[in-house]
Amino acid sequence: MEASALFSTAFCPPSLRLRSRLLSKSPPQVFSTTKPTFPPLLRSPQTTTTNPRRLFLTTTTKPSLFTSLSRPVKPVLASSTNENSITESPKSQLQGAKIVPLVLSVAIGLLVRFVVPKPVEVTAQAWQLLAIFVSTIAGLVLSPLPVGAWALLGLTTTIVTKTLTFTTAFSAFTNEVIWLIVISFFFARGFVKTGLGDRIATYFVKWLGKSTLGLSYGLTLSEALIAPAMPSTTARAGGVFLPIIKSLSLSAGSKPNDPSARKLGSYLIQSQFQCAGNSSALFLTAAAQNLLCLKLAEELGLVIASPWVSWFKAASLPAFVSLLLTPYILYKIYPPETKDTPDAPAMAAKRLEAMGPVTTNEWVMIGTMLLAVSLWVFGDAIGIASVVTAMLGLSVLLLLGVLEWDDCLSEKSAWDTLSWFAVLVGMAGQLTNLGIVSWMSNCVAKFLQSFSLSWPAAFGVLQGAYFIIHYMFASQTGHVGALYSAFLAMHLAAGVPAILAALALAYNTNLFGAQTHYSSGQAAVYFGAGYVELPDVFKIGFIMACVNAVIWTVVGGVWWKFLGLY
39 MEASALFSTA FCPPSLRLRS RLLSKSPPQV FSTTKPTFPP LLRSPQTTTT NPRRLFLTTT
99 TKPSLFTSLS RPVKPVLASS TNENSITESP KSQLQGAKIV PLVLSVAIGL LVRFVVPKPV
159 EVTAQAWQLL AIFVSTIAGL VLSPLPVGAW ALLGLTTTIV TKTLTFTTAF SAFTNEVIWL
219 IVISFFFARG FVKTGLGDRI ATYFVKWLGK STLGLSYGLT LSEALIAPAM PSTTARAGGV
279 FLPIIKSLSL SAGSKPNDPS ARKLGSYLIQ SQFQCAGNSS ALFLTAAAQN LLCLKLAEEL
339 GLVIASPWVS WFKAASLPAF VSLLLTPYIL YKIYPPETKD TPDAPAMAAK RLEAMGPVTT
399 NEWVMIGTML LAVSLWVFGD AIGIASVVTA MLGLSVLLLL GVLEWDDCLS EKSAWDTLSW
459 FAVLVGMAGQ LTNLGIVSWM SNCVAKFLQS FSLSWPAAFG VLQGAYFIIH YMFASQTGHV
519 GALYSAFLAM HLAAGVPAIL AALALAYNTN LFGAQTHYSS GQAAVYFGAG YVELPDVFKI
579 GFIMACVNAV IWTVVGGVWW KFLGLY
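Using the working numbering, you'd call the opening residue of the sequence shown number 39 and step up by one each time.
This is the structure:
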């Protein structure tokens, strides 16, 4: 055959050789014939499962509890093997930062560094770090790269420019609070993996689900119950409550991206979305940003004794009032078409029957969370730090096989949070050490004093500004890392009582998570379900923001006065 090939190459005319090559090639495929693969959360429509714990991972012809939306699979263009093809594969095209956001983010930092005059009270090192920090924050808003990647670039810049030493730049990676936040993601994964959160929520549907309003209260109370031991609002939304809401809605004929969405799904989504912020504000360990707020307050010299108990006492009354009023207010201003849901308790009962008895892993999860919450409440009295409590809980879950190490490794959001949180916290801490924060707070305090504002008036202005600015942010934790320290310093400079200022800003951080469809992780989860129109998200978000402001100002103000916070 080799001799024949050589002969044909040497002696055949070029036209015949070309024709031979063309005939020997298989015709190019326009569409791939391979069976499309579905990502883990979107199984093939033909795939079903009998495991009740995993029903939310499938798409079936009949709505079941935990039914996810199916999406059409687009045909995949197959790559041609023709060496003369000039079509370039998308993967071979240059991928990287978005040019316009990149230029804007860098330009903002350069303007601060070289155009804005440096105040005489500020050192050159501090001003240069401020420029890098501002550029980093601009990148978090404009997103030229993913958050973690952009934070790494900012960290690298501080070292390359000799603004910070390597040791100082990476000092925040040993921060206890940041590791507590990371471990909280693993706890949340345990709730989802064992199905414990699913079971608790389903019980509340069974008990309170005869009417649409009762159904909403059942879901709201169940989230408040599991929130202190499941410190991720996004995990609670996506892993527990959204699948239940979708299943109940579909069973009532309420479909996403359809006029029937207003029958039931739209109301349940909005109610759960708006209540989630109050559930997160109720407990210190109910959301990652809560822990970060107290850590940043400590860096300004403000240490809260018995933080878990102090946080809960101050938040309890206004949060409970908001949780009780929010479903009813939404029932009036954004009413569902379906008022009664008589089938919901029966569906929940069948769901619980399909789940079977509480599994060993669920009992281990319950015991571990009771231990963790107990130590978070009483740990200070016996000398056990919060992060040590979290480490003990994670160790138990790993030793008993409830979680595997691969579960922890695959929790990408935890490791991503570790990287960019540490960068922001480290920069914010160094800005405080170098005097930038105190300089900025003094400038704002002088500005407010020029209007002869009392501290309550200054408190209201600063809290309102802190809330409104969140329209520019797509992350609660990013907002905290960027602005919490500065706003707390402004409060203190304006004469606001320290504990009141620190806690109010932290509670505010949770409440603005329902402003828009991008204001928090749970916002993206609930909006992505397809039950709520975008104008309604902004309208209801603004109305409920005003409602929460009134409740937390009036009820919270009286309660905090009673507790002696001012």
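The beta carbon of each residue, even a glycine, is placed where N, CA and C say it ideally should be. Predicted, not measured: the structure shown is a model, and the values here were computed from it.
- Which residue comes first and which comes last in the alpha helix (DSSP H) that contains residue 552? The count along the sequence shown starts at 1 and reaches residue 552 at position 514. Segment: none, residue 552 is in no alpha helix (DSSP H) and carries neither H nor E.
- Message: For residue 439, count the other beta carbons within 10 Å of its own beta carbon; 16 or more makes it buried, fewer makes it exposed. Which is it?
- Response: Working through the sequence shown from its first residue, we reach residue 439 at position 401. Exposed, by the Cβ-count rule.
- Classify residue 585 as helix, strand or coil using the three-state DSSP reduction. As a first step, residue 585 must be located in the sequence shown, where it is residue number 547. The answer is helix: DSSP assigns residue 585 an H, G or I state.
- By DSSP, does residue 454 sit in helix, in strand, or in coil? Counted from its first residue, the sequence shown places residue 454 at position 416. Residue 454 falls in the helix class under three-state DSSP.
- Message: Would you call the region 347–357 in contact with the region 553–566, where contact means no fewer than 3 C-beta pairs closer than 8 Å?
- Response: no
- Item | Inter-residue CB distance, residue 459 and residue 547 (contact presumed, cutoff 8 Å) | Within the sequence shown, numbered from 1, the residue matching residue 459 stands at position 421. Within the sequence shown, numbered from 1, the residue matching residue 547 stands at position 509. Contact flag wrong, Cβ pair sits at about 14 Å.
- Task: Answer with buried or exposed for residue 159, where buried requires no fewer than 16 other C-beta atoms within 10 angstroms of its C-beta.
- Result: In the sequence shown, the residue the question calls residue 159 occupies position 121. Per the 10 Å Cβ criterion, exposed.
- Message: So, for residue 473: in the same chain, excluding its five sequence neighbours on each side, which residues have a beta-carbon less than 8 Å away from its beta-carbon?
- Response: On the sequence shown, position 435 is the one that residue 473 refers to. Excluding residues within five positions, the ones whose Cβ falls inside 8 Å are 159, 160, 161 and 164.
- Query: Just reading off the alpha helix (DSSP H) that residue 133 is part of, what are its end residues?
  - Reply: As a working mapping, residue 133 is identified with position 95 in the sequence shown. That residue, residue 133, is in no alpha helix (DSSP H); it is neither H nor E in DSSP.
- Query: What is the residue span of the alpha helix (DSSP H) that residue 525 lies within?
  - Reply: Translated into positions along the sequence shown, residue 525 becomes position 487. Looking at the DSSP string, the run of the alpha helix (DSSP H) that includes residue 525 is 523–531.
- For the candidate residues 551, 469 and 360, whose alpha-carbon lies nearest to that of residue 206? For this step, residue 206 is matched to residue 168 along the sequence shown. Ranking 551, 469 and 360 by Cα distance to residue 206 puts 469 first.
- Can you grab the Cα-Cα spacing for the pair residue 271 / residue 497, in whole Å? Residue 271 sits at position 233 when you count from the first residue of the sequence shown. Residue 497 sits at position 459 when you count from the first residue of the sequence shown. Those two C-alpha atoms are separated by around 27 Å.
- Item | Rounded Cβ spacing between residue 581 and residue 371 (contact assumed at less than 8 Å) | Taking the first residue of the sequence shown as position 1, residue 581 is located at position 543. Taking the first residue of the sequence shown as position 1, residue 371 is located at position 333. Contact flag correct, Cβ pair sits at about 7 Å.
- Message: Taking 8 Å as the threshold (C-beta atoms), are residue 553 and residue 519 in contact?
- Response: As a first step, residue 519 must be located in the sequence shown, where it is residue number 481. As a first step, residue 553 must be located in the sequence shown, where it is residue number 515. No. Outside cutoff.
- Item | Residues bridged to residue 378 (per DSSP) | Sequence index remark: in the sequence shown, residue 378 carries index 340 (1-based). Partner(s): 249.
- Task: Flag this pair as yes or no: are the beta carbons of residue 216 and residue 428 separated by less than 8 Å?
- Result: Working through the sequence shown from its first residue, we reach residue 216 at position 178. Working through the sequence shown from its first residue, we reach residue 428 at position 390. In this structure, residue 428 does not lie closer than 8 Å to residue 216 by Cβ.
- Item | Cα-Cα separation, residue 299 to residue 382 | In the sequence shown, residue 299 corresponds to position 261, counting from 1. In the sequence shown, residue 382 corresponds to position 344, counting from 1. Roughly 17 Å separates the two Cα atoms.
- Item | Contacts around residue 139, its chain only, beta-carbon distance under 8 Å, and the 5 residues preceding and following it disregarded | Here residue 139 refers to the residue found at position 101 of the sequence shown. The beta carbon of residue 139 sits closer than 8 Å to those of 177, 180, 181 and 182, all from its chain and outside the five residues before and after it, given in chain order.
- Sorted by chain position, which residues of the same chain lie with C-beta nearer than 8 Å to residue 203's C-beta, five sequence neighbours on each side aside? Here residue 203 corresponds to residue number 165 of the sequence shown, with the count starting at 1. Within the same chain, and ignoring the five residues on either side of residue 203 in sequence, the residues whose Cβ sits closer than 8 Å to its Cβ are 197.
- Message: Quick test of your reading: residue 445 and residue 231, contact by CB under 8 Å. State the CB separation rounded to the nearest angstrom.
- Response: The count along the sequence shown starts at 1 and reaches residue 445 at position 407. The count along the sequence shown starts at 1 and reaches residue 231 at position 193. Contact holds; Cβ gap of about 7 Å.
- Work out the CA separation of residue 406 and residue 387 for me, nearest whole Å. Against the sequence shown, residue 387 aligns to sequence position 349. Against the sequence shown, residue 406 aligns to sequence position 368. Near 27 Å, if we compare the C-alpha coordinates of residue 406 and residue 387.
- Query: By how many angstroms is the C-alpha of residue 593 removed from the C-alpha of residue 601?
  - Reply: For this step, residue 601 is matched to residue 563 along the sequence shown. For this step, residue 593 is matched to residue 555 along the sequence shown. Taking the straight line from one Cα to the other gives about 12 Å.
- Per-residue burial, residue 391 [other beta carbons within 10 Å of its own, 16 or more giving buried]: By 1-based counting over the sequence shown, the position of residue 391 is 353. With fewer than 16 Cβ atoms within 10 Å of its Cβ, residue 391 is classed as exposed.
- Message: What does the Cβ neighbour count give for residue 424, buried or exposed, with the cut at 16 atoms within 10 Å?
- Response: Taking the sequence shown and counting its residues from 1, one reaches residue 424 at position 386. So residue 424 ends up on the buried side.
- Message: Looking at the secondary structure, which residues open and close the alpha helix (DSSP H) in which residue 195 lies?
- Response: Stepping through the sequence shown from its first residue, residue 195 is reached at position 157. 185–198 is the extent of the alpha helix (DSSP H) around residue 195.
- Task: Just tell me which of 186, 155, 150 and 213 has its CA closest to the CA of residue 171.
- Result: On the sequence shown, residue 171 is found 133 positions in, with the first residue counted as 1. That would be 150, whose Cα lies nearest to the Cα of residue 171.
- Task: Taking all protein chains shown into account, decide if residue 225 is buried (16 or more other Cβ within 10 angstroms of its Cβ) or exposed.
- Result: As a position in the sequence shown, residue 225 is number 187, starting the count at 1. Buried, by the Cβ-count rule.
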